Each structure stands twice: as structure tokens, then as C-alpha cells.
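Take 156 as the starting number for the sequence shown in the numbering used here and just add one per residue.
All C-beta atoms, glycine included, are put in the ideal place defined by N, C-alpha and C.
Being a predicted model, the structure only gives us computed values, none of them experimental.
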Amino acid sequence: MHILLETSAGFALFQVNNEKKLKKVDDLYSYFVNEDQAKKLVNLVAFQKFKDTTDAIKSTSKLIKGKVPKKLKKFLQTNLISQEIQDRLAISDKKLGKSITEKLGIECTNYNMDLFKGLRLQLCNMVAGLTEKELQTMNLGLSHGLSRYKLKFSAEKVDTMIIQAISLLDDLEKEVNNYMMRLREWYGWHFPEMGKIVTDSLVYTKVVLAVGMRTKAHSSDLSGILPEDIEKEVKQAAEISMGTEISEEDEKFILELGSQIVDLSEYKEELQNYLKNRMQTIAPNLSAMLGELVGARLISHAGSLINLAKYPASTVQILGAEKALFKAIKTKMNTPKYGLIYQASIVGQAQNKLKGKISRTLAAKTALCIRCDALGEDDEAQIGAESRQYVEKRLQFLQQNEQGGFVAKPQKKGASAIESKSTGGYNNAADYTNKFRKSNETLGQNQEEPQKVKKFKKD
């Protein structure tokens, strides 16, 4: 039996001295720890060295795919076929073994991987002129070269940043809303009237930070936060407020909570701008079609932009409503018409009756935009803008038909549309074939001349 070993330095062919002894060994790797024991077990027949790193990359890339490179084919023909050696060839890869058998007719078998590990361990000792330092350099160069072929990395197509950013943005929105609600309840015990006057939560927080205790409201300057009329109303309400008194320690913790809310809100705005820029770079057509936030949620739900591009339009339409879909299928109810795509502004503009129709149209155009972003090389959002205009015109057309009660019907075709030219009315004869028309005509003639029946007188 012969053994083929593929390395970064070249191809090596070994011959087994005693195959029966090789089968009896339980731990082959430990048998190759010693150089003398390894040489007793196998002998080096031939070694074909690669010329340079480019030659090694070409041969190794074919070996990974299970193909036989030209250099290996010549190597086996020279050392096995030309010498009429009919031994079996031990191979580490099944695909490569099948290719060698089909092309060269050599019988290949898969052997224990410990045998190949042991041969790699003693390769420098068995091959003359090959040092460990040279082998390590070849391994490093080959690994870097193969990585360039296998990895198609693009800094502009990193959708992982989008997935992390949209997840963080959703968490921030929940946390900021929770903090704002807590601040309103907490400060509302001290100044309950301000909650009805200032409705915006972020502005409410800034007013709390500027005022502190309501007794300081009269001397506080709120012109940069509130309009003049609302500022006067807040100061007047502070003088006649029915809220409870709080201590300085309470005020300290309330103001710390308010400062955290403002900081998180500013960070959330920066994160939204970052996400917008990222989406414009990675998925410009999807951003033009649905908006940055909805597009980012679709990418996050699918896992990547490539995975999202593989989905059909029907899946894009209900993406995010999987629970409702499976529940509807299980209970045999109506399936949902939309998922995350419902948050798009175009769907929000439509009437309730038209949301399903416009979601289907929007999903079809969105699927095309996603594929252009994932697989196309154009960075402009021309397709997304054109698709959005088409969906908007479609929505306008549906709304006009719904308001006017007019629904476009297809034109009639076939025999039902045949009309007589003379009268301009409907031709009844068009409903009959020639066979039935003749039978009806003969039937009509027979009915016009009925047979006379003889009458007999009674005696």
C-alpha cells in the first residue's frame, strides 16, 4: 500500500513496509513520535516540491474542491502508473480519492487520520533538504493566500454593524421610555400640574433639570426650553401647586435620573444618525423603499443582508409575524397580511381596507431592492426611488377607486363578447355551435307544420 500526503511544500508519496504491522498498531500517532520507528513503518518513495506560493495556492485550491491538479496527476503517473504499481493508495479526503479513481484508475482507500498526522510530524526528517522553518513559512504563506480566495471581505458591506445598532436602538428606546415614565411619576408628587402643561417627555426632563424644586421655578430661565406662554403657565402653576414637599436628597436623585435621560436621548440620536449612514452605504435601495429603521429591522430579523435577499416577496411581507402565522395555520384561521413591513410609512398612509393589497405590492418591490443591494455593485438608490414611486402611484390609484366606487374590470373575450353589427345588440346566435344551430332550425320548421290528427265520431 502507498500513502499520498498533501502538504504546503508539495506532494509526498510513501510506501508501507508492513501493512499487517500497521493494522496491529493501536495508536499510530505515538508510533511516529520516534524517527527510527517511523522509518521502519514507511519509506519515502518520491516528493514533488511546489515552485512558489502561487503554484501551491493553485494546487491546494483544487484539492479543497476535490479535484486533481495537473501537478498531482503527473506525479502519480510518473511514480505509480508508469512503473505498473497496482497497490492501493491511502487518501485523507474521500472526494479526492474518487477523482483519482475516475481519472487515473488507481484504487483509493480512506485510512486512519492518525497516520497522516504522524507523517506530517516526521516530514522534515524524511524529506531531504526540507527544514521546519521553511515548512512553517510555506504553511503561513499558503494560509494567507487561500484566505484571499475564500474570504470576499468588503468594508462597505458589513451588515453586522447594522444588526447590533438596531438592536441597541430598540433597547435604548425601551429604557429611555421607562426612565421618563419613572421621572414623571416621581417628580409628579412634587409638581403634578407640570405634567399636563408640558406633554413632551424630553422637554419635561429638561425643565426638571433646570428648575429642580418648584420653589425655584420663578427665578429659573426656561426661555431656551419652552415658549413664553408655556413658561409663564409653568411658573404660575408652581406658585399654587398642590404637590408634596421633597428634601434635597430627593431632589439630588431626581436630577441624576433626569441627567441620565438626557444623555441617553442624545446618544440615541447619534446612534440613529450612525444607523442612517450605514444603511445608506450598505442598502441604499432598501432605505429608499422602506426607510432606514424598517430596513435595518428586516436585516436584523433575517440575520444578514444575503439571507434577506434569498427570501421571496411573500416571506418578506410577513417577516416578523411568524407567531401569528403559525397560530393561524394551526387554528385554520386567516393568515396575517404583514409583519415588520407594516411599520413602513407607505402602509401607514393606506386605508385599512387597502393595507393588505399595498403590503403585497410593497413586499414585491422591496424584495427586488434587497437583491440589488446584496448582489449589485451600484451604490446609488435609483431602483429604490423608482420602486417607491410605483408603489405610491399604485396606492393613489387604489384610493381613488375606493372613493369613487369604480373598479376596473377586464374586457370580455370570446363568444360572450360577440355583438351583431346591424342592431348593435347582443347576438344570441353566437352562443350556439353550428351543429346545435342546425338542429334548432330543423326543430323550428317541424314545429311550424304540425301533423293533422284524424277525428272519429262516436257511434
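- Every unbroken stretch of the beta strand (DSSP E) spanning 3 or more residues and falling wholly within the segment 236-282 is given here in chain order: 244-246 and 263-265.
- Secondary-structure assignment with DSSP links Ala438 through no beta bridge to anything.
- Out of Leu553, Ala164, Asn173 and Ala201, the CA that lies nearest to the CA of Thr208 is found in Ala164.
- Excluding five sequence positions before and after Glu447, the CB atoms of its chain that fall closer than 7 Å to its own CB belong to Leu430, Lys431 and Met434, given in chain order.
- For Val200, the secondary structure class from DSSP, reduced to helix, strand or coil, is strand.
- Between Ile318 and Ile454, the C-beta spacing is below 8 Å.
- When the alpha-carbon of Ser214 is set against those of Leu297, Ile240 and Ala499, the nearest one is in Leu297.
- Fewer than three pairs of CB atoms, one per stretch, sit closer than 8 Å, so the segment 495-513 makes no contact with the segment 457-464.
- Segment contact: the segment 195-207 against the segment 157-171, three or more CB-CB distances shorter than 8 Å; contact assigned.
- Taken through DSSP and simplified to helix, strand or coil, Glu161 comes out as strand.
- For Leu168, the three-state secondary structure derived from DSSP is strand.
- When the five nearest sequence neighbours on each side are left out, the beta carbons in the same chain lying within less than 6 Å of the beta carbon of Phe346 are those of Arg369, Ser396 and Gly398, in order along the chain.
- If you ignore the 5 residues before and after Ser500, its C-beta comes within less than 7 Å of the C-beta of Gly446, all in its own chain and listed in chain order.
- Contact check for Ile416 against Val331 passes: the beta carbons are separated by less than 8 Å.
- By the 16-neighbour rule on beta-carbons within 10 angstroms, Met316 is exposed.
- For Ile380, there is no enclosing alpha helix (DSSP H), since its DSSP letter is neither H nor E.
- The DSSP-derived three-state label of Glu400 is coil.
- Between the C-alpha atoms of Leu495 and Lys351 there is a straight-line separation of about 34 Å.
- When C-beta atoms of the segment 239-258 are compared with those of the segment 217-231, three or more pairs fall below 8 Å, so the two segments count as touching.
- Around the Cβ of Ile473, a 10 Å sphere holds 16 or more other Cβ atoms; the residue is buried.
- Between Gly413 and Thr360, the beta carbon gap of about 5 Å places them in contact (Cβ cut-off 8 Å).
- About 6 Å separates the CB atoms of Asn267 and Leu183; that is less than 8 Å, so the two are in contact.
- In this chain, the alpha helix (DSSP H) harbouring Ser514 covers Lys510 to Leu530.
- It is roughly 13 Å from the alpha-carbon of Arg339 to the alpha-carbon of Leu364.
- For Gly350, the secondary structure class from DSSP, reduced to helix, strand or coil, is helix.
- With contacts defined as CB atoms closer than 8 Å, Lys520 and Val546 qualify as a contacting pair.
- A distance of 8 Å or more separates the beta carbons of Leu550 and Gln498.
- Thr286 sits in coil when the DSSP states are folded into three classes, being neither helix nor strand.
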